[in-house]
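Right, one structure below, let's go through it.
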Amino acid sequence: MFAFRPFRPRGWLVLACGVIAFLLAWLLGRRDLLTVAMFCFALLAAAYGALHLFKTGFTLKRTISPALGHVGKPLEVTLEVHGRNPGGTQSRLVEELPFSFRAAPVFSHPNPVAPRSLRSDYHYTLHPAHRGVFTVGPLRGSFGDPFGVAFLQRGMDDGDHLTIAPAAVDLPAISLTDGRGRDGTHSTRELAQARQDDVMTREYRYGDPLRRVHWPVTARQGKLMVRAEESVATPEAALFLDRRHLAFGDPGRSMERFQIAGRSTVGLPDLVTTPAFETAIVAAVSIATHLLELDYTLHILDHRGEPAFLSSASAVDPACEEFSGPHGMFDVAAGLAALELAGPADATLPAALAQKLHGGERQGPLLAVVGLLSEAEAFLLAGSSETTHAHGAYALLLCQDPAQAAPALLILRRAGWRATAMTPNTALLDAWIALDEFAATGGTLP
Numbered sequence: 028m029f030a031f032r033p034f035r036p037r038g039w040l041v042l043a044c045g046v047i048a049f050l051l052a053w054l055l056g057r058r059d060l061l062t063v064a065m066f067c068f069a070l071l072a073a074a075y076g077a078l079h080l081f082k083t084g085f086t087l088k089r090t091i092s093p094a095l096g097h098v099g100k101p102l103e104v105t106l107e108v109h110g111r112n113p114g115g116t117q118s119r120l121v122e123e124l125p126f127s128f129r130a131a132p133v134f135s136h137p138n139p140v141a142p143r144s145l146r147s148d149y150h151y152t153l154h155p156a157h158r159g160v161f162t163v164g165p166l167r168g169s170f171g172d173p174f175g176v177a178f179l180q181r182g183m184d185d186g187d188h189l190t191i192a193p194a195a196v197d198l199p200a201i202s203l204t205d206g207r208g209r210d211g212t213h214s215t216r217e218l219a220q221a222r223q224d225d226v227m228t229r230e231y232r233y234g235d236p237l238r239r240v241h242w243p244v245t246a247r248q249g250k251l252m253v254r255a256e257e258s259v260a261t262p263e264a265a266l267f268l269d270r271r272h273l274a275f276g277d278p279g280r281s282m283e284r285f286q287i288a289g290r291s292t293v294g295l296p297d298l299v300t301t302p303a304f305e306t307a308i309v310a311a312v313s314i315a316t317h318l319l320e321l322d323y324t325l326h327i328l329d330h331r332g333e334p335a336f337l338s339s340a341s342a343v344d345p346a347c348e349e350f351s352g353p354h355g356m357f358d359v360a361a362g363l364a365a366l367e368l369a370g371p372a373d374a375t376l377p378a379a380l381a382q383k384l385h386g387g388e389r390q391g392p393l394l395a396v397v398g399l400l401s402e403a404e405a406f407l408l409a410g411s412s413e414t415t416h417a418h419g420a421y422a423l424l425l426c427q428d429p430a431q432a433a434p435a436l437l438i439l440r441r442a443g444w445r446a447t448a449m450t451p452n453t454a455l456l457d458a459w460i461a462l463d464e465f466a467a468t469g470g471t472l473p
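And the structure:
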C-alpha cells in the first residue's frame, strides 16, 4: 500500500511559504503577505482537488496468457489503460506483484498506441517459481498536477487472480503403459492376456493366421476359435494421492523445511505444505499428464477415497474424480495448483479407502503417491494379490530418509506392488524408472 503523501517536495515548499507568509501577515499586519499566503493555500487546494476530481477517468484491462500458468514457464501480461493525465502531465504506473515474481514493473503514462489516442499498452513477463493462486495487481498510479505541487496515488483496479500449476516432468513409457497405443489399441500379444470384455472370438476361417487362435476358448468349445479384429478400448487407471497431515512431515515447520531443501520462502503462497508434499504434487501431475496423453481415463482420489480436488481452491470442478483428454489435463493441473495437506484429524488411512481402491471392478492399473506408511497402513493399501497382479499396482513413497519407508515397501512388494521410496532430492525420472527396476526385491533411491 502507498503511504499518504498529498504533495510533492515543491508542494511542501509552497505550503511552508504560505504558513510563513500567514504568520508574518498576522504579526506585521501586512495585507500583501496575507494575499501571498492565501494564494499558496488556494494553489495547493485547487491542485489536490483537481487530482481527486480527475481520478475516475481511467479504465484498465489486464490480459494474462496463458490463463493457467505453470511453474518455470513464463507468462505474458498485457495492460490496456484508457485515460488521460491531468494537464497533459506524465504519471508513473506500478504493477504490484507477489514477491516471488521479483521486482514490480514500472511504466510511464501515457504511452499512446497511436497519435491522439487515449489508449496506452504495456507488456511484461512473469516467471512463476511456486504453484498456488496469486493476485496480480492492483495497478497503482502516481499522478501530479501541471504545477508539480500536488501528488495522488491510487489503485486503478483490484487485481486479477492467477493460478500457477505445478510443472509436469516428461515420463518415459514403462511396463505400466507398454503395449498400449495412443488410441487405446492393444497388440495381439496383449490380447492374449486381455480382460474378458476385451476379447471377442469367432470360428476359424480359411486363411486366418494361427497366431490368432484363442486356445482356451478352442478347448472349451471343441472347435477352432480365433480372436476377432483387435478392439479399441479406452484404457483406465486410478491415481491415489495421499494428503494426510503428518505423512509428509510437519506442515507447521514448512518454511524451515523449504529452507533445508534449498528453496526460497519469499513470496510463497499461503498453502499448508512441505517439500515432500511438493515433490508428491509434481509426481502426481507428471503421472496424470503421462497417462492422459496416452488417452487413459484417469480416476484421482485422495487418502479418504474422495475426489482428490474436493478441497482445492483452484479446482475447476472440485467434485470431479474422472479425467480424460486435453480438458482433463487442464483440470488436473488446475486442481493441483492450490491443493494442500489435510487437517490434523486426517492422520491415518481410513478402512474405507481399501474398499474404494480394491472393492470395485477396477479395470486398470493403480498408482499411489503416498507419504510415510505404517505397517498397518501398508497392508491396507496393498489389498489382495489377485487384484494387484491382474491390473498392476505402482507406488511412490515420499520420505526424508529412504530407510523410513523400508517396512512399508517390503509389504507392498510382497503383495505384488512395484514400489520405491523417493525423497525431495530424488529426480522424479529416476524414481519412475525405478518402479520397473525395483519391481521385486530392489532397494530405494538415494
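Just so we're aligned, residue 28 is where the sequence shown starts under my numbering, counting upward by one. Beta carbons are placed, not taken as given, at the ideal position from N, Cα and C, and that holds for glycine.
- In this structure, Thr447 sits near Ala458, with a CB-CB distance shorter than 7 Å.
- Taking 3 residues as the minimum length, the beta strand (DSSP E) runs contained wholly in the segment 245-277 are 252-254 and 263-268, in order along the chain.
- Distance check between Ala274 and each of Ala364, Gly38 and Ala435 places Ala435 closest, using alpha-carbon atoms only.
- Of all C-beta pairs linking the segment 350-366 to the segment 394-405, fewer than three are shorter than 8 Å, placing the two stretches out of contact.
- Its chain contains Val104 and Pro132 as the residues whose beta carbon lies nearer than 6 Å to that of Tyr151, once the 5 sequence neighbours on both sides are disregarded; these appear in chain order.
- Contact check for Arg32 and Phe178: beta-carbon distance about 6 Å, within the 8 Å limit, so the pair qualifies.
- The C-beta distance from Leu318 to Ser339 rounds to 19 Å, too long to meet the 8 Å contact threshold.
- Cβ atoms of Cys67 and Leu51 stay farther apart than 8 Å, at about 12 Å.
- Only residues of its own chain outside the window of five on either side were considered, and among them Ala64 have a CB closer than 6 Å to the CB of Phe49, listed in chain order.
- Bridge pairing for Ser401: absent [DSSP].
- With respect to Gly182, Arg167 sits close: the two C-beta atoms are nearer than 7 Å.
- Considered as a whole, the segment 109-167 harbours 118-122, 133-136, 146-153 and 159-163 as its complete beta strand (DSSP E) runs of no fewer than 3 residues, in chain order.
- Proximity to Arg441 across Ala409, Thr306, Glu348 and Gly391 peaks at Ala409, based on C-alpha coordinates.
- Taking C-beta atoms under 8 Å as the contact rule, Ala141 and Pro113 fail to qualify, at a distance of about 22 Å.
- A check of alpha carbon separations from Gly276 across Gly96, Leu268, Val299 and Thr261 identifies Val299 as the nearest.
- Taken through DSSP and simplified to helix, strand or coil, Val396 comes out as strand.
- A residue is called buried when at least 16 other Cβ atoms come within 10 angstroms of its Cβ; Pro193 meets this threshold and is buried.
- Setting aside the 5 residues that flank it on each side, Ala156 is surrounded in the same chain by Ser127, each with a C-beta closer than 6 Å to its C-beta; the list follows chain order.
- The residues Val133, Phe134, Ser135, His136, Gly168 and Ser169, in chain order, have a CB closer than 8 Å to that of Arg119 in the same chain once the five nearest residues on each side in sequence are set aside.
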